[in-house]
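Novice: Numbered per UniProt numbering, the sequence shown spans residues 1 to 278.
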Amino acid sequence: MIERRLFEFYFDNGTSEGVFNAVYAYRNPDGGFGHGMEPDTASPESQPLFSIMALEILDEVGYLTKEIILNDFMPYFESITTEKGGIPWMFRPKSNYPCEEHFKTVKEWAALSTTAPLLGVLEKYKIDIPWMKKAEEFVWNEFERIKDKHIFCYLCVSRWLTFLKYTKNQNKAKKTINNLKKWIMVDGIICKDKSDDGWGLYGKPHSLNYAYSSESVLYSLFTKETIESDLKEIINKQENDGRWNTWYGISEGTKLEWAGIQTLWALKILKNYDKIEA
Numbered sequence: 001m002i003e004r005r006l007f008e009f010y011f012d013n014g015t016s017e018g019v020f021n022a023v024y025a026y027r028n029p030d031g032g033f034g035h036g037m038e039p040d041t042a043s044p045e046s047q048p049l050f051s052i053m054a055l056e057i058l059d060e061v062g063y064l065t066k067e068i069i070l071n072d073f074m075p076y077f078e079s080i081t082t083e084k085g086g087i088p089w090m091f092r093p094k095s096n097y098p099c100e101e102h103f104k105t106v107k108e109w110a111a112l113s114t115t116a117p118l119l120g121v122l123e124k125y126k127i128d129i130p131w132m133k134k135a136e137e138f139v140w141n142e143f144e145r146i147k148d149k150h151i152f153c154y155l156c157v158s159r160w161l162t163f164l165k166y167t168k169n170q171n172k173a174k175k176t177i178n179n180l181k182k183w184i185m186v187d188g189i190i191c192k193d194k195s196d197d198g199w200g201l202y203g204k205p206h207s208l209n210y211a212y213s214s215e216s217v218l219y220s221l222f223t224k225e226t227i228e229s230d231l232k233e234i235i236n237k238q239e240n241d242g243r244w245n246t247w248y249g250i251s252e253g254t255k256l257e258w259a260g261i262q263t264l265w266a267l268k269i270l271k272n273y274d275k276i277e278a
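(1) What three-state label does DSSP hand residue 191 in the structure shown?
(2) Looking at the secondary structure, which residues open and close the alpha helix (DSSP H) in which residue 127 lies?
(3) Checking 7 Å against the spacing of the C-beta atoms, do residue 264 and residue 3 come in under that value?
(4) Residue 209: buried (16+ other C-beta within 10 angstroms of its C-beta) or exposed?
(5) Grouping DSSP H, G and I as helix and E and B as strand, with all else coil, what is residue 27?
(6) Leaving out the 5 sequence neighbours to the left and right, which residues in its chain are closer than 7 Å to residue 163 when beta-carbon positions are compared?
(7) Figure out for me which residue from 71, 142, 243, 39 has the closest Cα to the Cα of residue 109.
(8) Checking 7 Å against the spacing of the C-beta atoms, do residue 247 and residue 266 come in under that value?
(9) Could you tell me the alpha carbon to alpha carbon distance between residue 239 and residue 262, rounded to whole angstroms?
(10) Our contact map puts residue 72 next to residue 46 with C-beta atoms below 8 Å; I'd like the distance itself, whole angstroms only.
(11) Counting Cβ pairs closer than 8 Å, one from the segment 169 to 189 and one from the segment 215 to 234, do we hit at least three?
(12) Thinking C-alpha only, which one of 144, 111, 21 is nearest residue 135?
(13) Residue 162 by DSSP, collapsed to three states: which one?
(14) How big is the Cα-Cα spacing for residue 54 and residue 228?
(15) On the DSSP bridge list, what partners appear for residue 99?
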């Protein structure tokens, strides 16, 4: 339903309120979001990643406000903050709902990929609360610790950039962004084999996974020829029924859910680059 509401928002004059209602259907009494918001787990309990996703979606459609962040999101995030000052990526599901194996063994320690975007959103909305001080120390320490690890995960990189764009420490941010650019262009990170079934999916990124529009911080990494070539290949990979598939999914049903997510992503990319006829 979230993807359907987002499709309406971007392509059919839908409202941000419709997106908000779809997102909040996944919200739990503790303020976190669960219930299989990402198809890899149908477990109902709140997850940090799903709660970050909810925050990002509301920001994306212009529905998020300072009041919503402070009243609806921060109590949950503060309740799961670790001693290091960050929030975990995921918790191991406590129920017997289907889930991918990697969720059953996930490390429940603080993560850069969730803490950084949360801090970025707080800075964007001019919020200043005590929680942020230790969290920011954690984020800078994590950048130094992991360096080029996970650079292949374009979802992580985009979330890091949310923080780097809005942090007050722009000197550090610029140096970190320059490092990210250097690491992304290391041979083997970008998947150049367009015939690979995993091309453009997790672990095998192409240019558009990083440069989602010409306004992207990372757009300058790629030539116009590369961008155009990858756009053409995205169009070529559309299935006859209109979808873009992934290899993700623990069942036929969740594979369809992932296809919906991937299809929305592809359509937004094509729209960003003016490849969809009005």
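Where a beta carbon is used, it is the ideal one built from N, C-alpha and C, also for glycine.
Specialist: A quick look at the data gives this:
(1) coil
(2) First-last for residue 127: undefined, no H or E at that position.
(3) yes
(4) buried
(5) strand
(6) 116, 117, 119, 120, 139
(7) 142
(8) No, Cβ-Cβ distance for residue 247 and residue 266 is not below 7 Å.
(9) In a straight line, the C-alpha of residue 239 is about 12 Å away from that of residue 262.
(10) Rounded, the Cβ-Cβ distance is 12 Å, inconsistent with contact.
(11) Yes: the two stretches touch, three or more of their Cβ pairs being nearer than 8 Å.
(12) 111
(13) helix
(14) Their Cα atoms are separated by approximately 31 Å.
(15) 41
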